[in-house]
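Undergrad: Structure in structure tokens, see below.
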Amino acid sequence: MEVTYLAAINQALHEEMRRDENVFVMGEDVAELGGAFKVTEGLLEAFGEDRVIDTPISEALIVGAGVGAAVLGMRPVVEMQFSDFISCAFDQIVNSAATLRYRHGGRAACPLVIRAPSGAGIHGALFHSQNPEAWFTRVPGLKVVAPATAYDAKGLLKAAIRDNNPVVYFEHKRLYRSVREDLPEGEFVVPIGVAELRQEGRDLSVITYGGTVHQVLDAARILDKEDKVSVEVLDLRTLLPLDREAILATARKTGKVLVVHEDRLTGGIGGEIAALIAEHAFDALDAPVRRLAALDTHTAFSPPLEEYILPNTNKIVEALRSLAAY
Amino acid sequence: MDDVNGAPTPAGPELNARLEFELNLYYQMKLIRAFEDRVSRLHRQNKILGGVYSGAGQEAIVTGICSALRPGDFVAPLHRDLGVFLMMGVDPGRLMAQLMGKENGLSRGKDSFLHGGDLEHGIFGSTSMLGSSLPIAVGAALKFQIKREKQVAVAFFGEGAASRGDVHEAMNFAGVRRLPVIFVCENNRFAYSTPLEKQMAIEDVAARAEAYGFKGHVVSGNDLLAVVQIAERVIGRTRDGGGPALIECKTYRYRGHSEHDPALYRDKEELLEWQSRDPIPRYEFYLEKRGHDVRHVREQIDERTRQVVQAAVDFAENDAFPEPQEALEDLYAPPAGPANLNGRS
Ligand SMILES: Cc1ncc(C[n+]2csc(CCOP(=O)(O)OP(=O)(O)O)c2C)c(N)n1
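Printed below as a string of structure tokens:
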């Protein structure tokens, strides 16, 4: 059956809550309303008020209480209404949750999932467009995932819920209803930490994730058709821990790498990937690793500004042509 | 304000000034309603993009509170308080340009809706992070205290935002230092879809004030006269060194949480009940008791607000979008020298 990215997340929640009675959902407007984006729709009816909990507007509490329940063996899936507001829970995530096992000498675990609708391109302006993943990808003890397809959205959420560690799960708002695909009937999970080759290619590699995966695939098709350039596309899917083998393998294969993300350039994950490649696959490179990301500014509101700031298919095509010509 | 015919029989100069003040408040409240109605319509026509949060039904609160503010005071509106901008004297055309992301908008296209503040008019542009503006109002009040200025800071917040830790931290410190800050809670009984009883185990946010060491007041937020009276009394007291205060205004929002929200979670009867307490006819009733020919006044004011709103729309529609490269401007103030902190060169 064809399922949207959004419905895939919803399915994963239903399935995991049915499978394990310790899984529960908590956040602002998640119960009665079914979430601001309808991601948790139907859960209240199916699982009742004990397991689908509307909270006050209290992000620190939402994550903190999630940690408290998780440490006693529950598997909370908490929601930040927008990933932008995850900053209000920052301490509970990077301190309470991420260091929990370490400071208990390996004798405790925090099986918590923090869902965070992220991403730009919907006129959300400064505080409803953010891609805050890089604030978290340098925090040991956390795992960070960012699915781009309905299949991965479902499989990664199921894996995150079963994982014994705190997982920050970024779901891209622009993909909610624009991405749909046939999902297999039976049970499946997508392992955390494993990237996926979306498209094999010979000449160039693009490493990307989340919201820009589809733009990159469109750009790759244009290069294939108009330039006869064959582009390999690696979708990271997990941002912490990175799939180093997959990253280095594609770099070694084509020798020319472009990293694309919607998060800002400076301090974004692209820098880490470029460093990894420079350290471990320098000898295989035919060109410097290039990065295409949001400009180093805030995601402005006015359409011409937003357009100028964010990556898009045309900008990716240009970057690929320039890299091909190197 | 302009002359309004149909004024009551002449009285002493003080009473005349008061009558004029009261009529002006009526105009302001009507202007806010008309402006926001137009904004909702423009949003449906895709001329205003992004999140739009209507304050329809709550106009008496911003009108009444801001009527007691003076030049130099500091105000942090909440996401629904477009009315604060009009009350504090922001040009309606620039405000409309702000909502449309145009070049002459307050943030020059950088941010949406009410996030572009206007410090020249004392307005702090709040982020979306609910409750985060309360500590900032406390900081403004701290400045007034340090500099011995007879100014006040006002922070508006929803009862929903009251659940955030920032709100607690702000009120606690305000109480400790007896700062000239007034916290105004617009309790419209819903935070998005979440009803009051799921947000707090008490009925009145104002009850919390006592625990911070200052007074909490409850007033009908749909009664402009009552809001004006309490604003004059409480803000006046704070201005005179009486310390912080909390004013909780009971109210109800007419529209969805945002224009995207059909608000199906609400009881239709409840909405109806609150609409029957609409602040505008209620205040008209007062004006009538004051001896005004209300029908006449209303006609005149409706015509005037229509013109103001239309002029604002015309200005904004004719305004240009910013140049794309401007996306990289305004990130940093000039490194040294006398910074033009409030305005722009
Ligand atoms: C920290 C934070 N969490 C969540 C949101 C999303 N959000 C925006 S408005 C809103 C409800 C606000 O309710 P309230 O404070 O009562 O103000 P009202 O909208 O009712 O005027 C929510 C949950 C936000 N803006 N900021």
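Top to bottom, those sequences are chains X and G.
Per the working numbering, the first sequence starts with residue 1, numbered consecutively.
Per the working numbering, the second sequence starts with residue 1, numbered consecutively.
The beta carbon of each residue, even a glycine, is placed where N, CA and C say it ideally should be.
Fair warning: this is a prediction, and the values are worked out from it, not measured in the lab.
Between which two residues does the beta strand (DSSP E) harbouring residue 87 (chain X) extend?
TA: Premise fails: residue 87 (chain X) is in no beta strand (DSSP E) and is neither H nor E.
Undergrad: Using only the heavy atoms of ligand 1, determine whether one of them is closer than 6 Å to the beta carbon of residue 81 (chain X).
TA: Residue 81 (chain X): yes, Cβ under 6 Å from ligand 1.
Undergrad: Give me the residue from X:236, X:215, X:206, X:298 with the minimum Cα distance to residue 332 (chain G).
TA: Checked all of X:236, X:215, X:206, X:298; the closest Cα to residue 332 (chain G) is X:298.
Undergrad: Within 10 Å of its beta-carbon, does residue 326 (chain X) have 16 or more other beta-carbons around it, so buried, or fewer, so exposed?
TA: Exposed, by the Cβ-count rule.
Undergrad: Alpha carbon to alpha carbon, how far is residue 4 (chain G) from residue 173 (chain G)?
TA: Low confidence applies here, because residue 4 (chain G) scores a pLDDT of 47, under 50, leaving its location unreliable; read the following figure in that light. Whole-angstrom Cα-Cα distance: 46 Å.
Undergrad: At which residues does the beta strand (DSSP E) containing residue 247 (chain G) begin and terminate?
TA: Here the beta strand (DSSP E) through residue 247 (chain G) covers 245-250.
Undergrad: Enumerate, from N- to C-terminal direction, the unbroken beta strand (DSSP E) stretches of 3 or more residues contained entirely within the segment 143-168 of chain G.
TA: Segments of the beta strand (DSSP E) lying fully in the segment 143-168 of chain G: 153-158.
Undergrad: If residue 117 (chain G) and residue 110 (chain G) are in contact, beta carbons under 8 Å, what's the gap, nearest whole angstrom?
TA: The Cβ separation is near 11 Å, so there is no contact.
Undergrad: Going by C-alpha to C-alpha distance, which of G:70, G:65, G:137, G:28 sits closest to residue 86 (chain G)?
TA: Nearest of G:70, G:65, G:137, G:28 to residue 86 (chain G), Cα basis: G:28.
Undergrad: Per DSSP, what kind of secondary structure is residue 192 (chain X) in: helix, strand or coil?
TA: Reduced to three states, the DSSP call for residue 192 (chain X) is coil.
Undergrad: Just checking, does the segment 117-133 of chain X make contact with the segment 168-179 of chain X on the three C-beta pairs under 8 Å criterion?
TA: With the cut-off at 8 Å, the segment 117-133 of chain X and the segment 168-179 of chain X touch.
Undergrad: Using 7 Å as the threshold, is the C-beta distance between residue 162 (chain G) and residue 205 (chain G) below it?
TA: Going by C-beta atoms, residue 162 (chain G) is nearer than 7 Å to residue 205 (chain G).
Undergrad: Just reading off the beta strand (DSSP E) that residue 214 (chain G) is part of, what are its end residues?
TA: Taken as a continuous stretch (DSSP letters only), residue 214 (chain G) belongs to no beta strand (DSSP E), as it is neither H nor E.
Undergrad: Under a three-way DSSP split, which group does residue 143 (chain X) fall into?
TA: Three-state DSSP puts residue 143 (chain X) in a strand.
Undergrad: Along the segment 82-108 of chain X, what residues have a CB closer than 9 Å to any CB found in chain G?
TA: Going along the segment 82-108 of chain X in chain order, one finds 82, 84, 85, 87, 88 with a Cβ nearer than 9 Å to chain G.
Undergrad: Pick helix, strand or coil for residue 330 (chain G), following the three-state DSSP scheme.
TA: Here residue 330 (chain G) sits in coil by DSSP.
Undergrad: When the distance is taken between beta carbons, is residue 293 (chain X) closer than 7 Å to residue 310 (chain X)?
TA: Not closer than 7 Å, so no.
Undergrad: CA-CA distance, residue 102 (chain X) and residue 66 (chain X)?
TA: Each residue's alpha carbon lies about 18 Å from the other.
Undergrad: Taking 7 Å as the limit between beta carbons, can you name the residues of its chain near residue 251 (chain G), skipping five residues before and five after?
TA: 57, 58, 61, 186, 187, 188, 221, 222.
Undergrad: Measure the Cβ-Cβ separation of residue 158 (chain X) and residue 69 (chain X) and say whether it is below 7 Å.
TA: Contact flag unset, no.
Undergrad: Cutting at 6 Å between CB atoms, please list the residues of its own chain near residue 170 (chain G), excluding the five before and the five after it.
TA: Here the set comprises 134, 135, 138.
Undergrad: Along chain G, in chain order, which residues have C-beta atoms closer than 9 Å to that of residue 117 (chain X)?
TA: Residues of chain G passing the Cβ test: none, with the nearest at roughly 13 Å.
Undergrad: When you check each C-beta in the segment 48-70 of chain X against every C-beta of chain G, which residues fall closer than 7 Å?
TA: From the segment 48-70 of chain X, only 54, 56, 57, 58, 60 have a Cβ closer than 7 Å to chain G.
Undergrad: I'd like the span of the beta strand (DSSP E) that includes residue 305 (chain G), first residue to last.
TA: Premise fails: residue 305 (chain G) lies in the alpha helix (DSSP H), 294-318, not in any beta strand (DSSP E).
Undergrad: DSSP state of residue 231 (chain X), grouped into three classes?
TA: Looking at residue 231 (chain X) - three-state DSSP - the assignment turns out to be strand.
Undergrad: Can you tell me whether residue 11 (chain X) is helix, strand or coil according to DSSP?
TA: DSSP places residue 11 (chain X) in helix when its eight states are reduced to three.
Undergrad: List the whole-angstrom C-beta distance separating residue 62 (chain X) from residue 27 (chain X), where the pair is believed to meet the contact cut-off of C-beta under 8 Å.
TA: That belief holds up - the Cβ atoms of residue 62 (chain X) and residue 27 (chain X) are roughly 6 Å apart, short of 8 Å.
Undergrad: Any idea which residues DSSP pairs residue 195 (chain G) with across the strands?
TA: Partner(s): G:190.
Undergrad: Report yes or no: is there a C-beta of chain G within less than 7 Å of the C-beta of residue 263 (chain X)?
TA: Not closer than 7 Å to any Cβ of chain G, the Cβ of residue 263 (chain X) fails to qualify, so no.
Undergrad: Give me whichever residues DSSP pairs with residue 409 (chain G) in a beta bridge.
TA: Shown here, chain G extends from 1 to 345; a query on residue 409 (chain G) therefore has no answer.
Undergrad: If I follow the unbroken alpha helix (DSSP H) through residue 27 (chain X), where does it start and stop?
TA: Per DSSP, residue 27 (chain X) belongs to no alpha helix (DSSP H); it is in the beta strand (DSSP E), 23-27.
Undergrad: Give, in chain order, every unbroken run of the beta strand (DSSP E) that is at least 3 residues long and sits entirely within the segment 152-180 of chain X.
TA: Taking only runs of at least 3 residues, the beta strand (DSSP E) segments lying wholly in the segment 152-180 of chain X are 167-172.
Undergrad: Distance check for residue 240 (chain G) and residue 212 (chain X), CA to CA, integer angstroms please.
TA: So the alpha carbons of these two residues sit roughly 56 Å apart.
Undergrad: Taking Cβ-Cβ distances below 8 Å as the criterion, which residues of the segment 317-332 of chain G are in contact with chain X?
TA: Going along the segment 317-332 of chain G in chain order, one finds 321, 322, 323, 324, 325, 326, 327, 328, 331 with a Cβ nearer than 8 Å to chain X.
Undergrad: Say yes only if the C-beta of residue 230 (chain G) is nearer than 6 Å to one or more non-hydrogen atoms of ligand 1, and no if none qualify.
TA: Answer for residue 230 (chain G): no, Cβ out of range of ligand 1.
Undergrad: Just the chain G side, please: which residues come within less than 8 Å of residue 308 (chain X) by C-beta, in chain order?
TA: Near residue 308 (chain X) (Cβ distances below 8 Å), the residues of chain G are 324, 325, 327.
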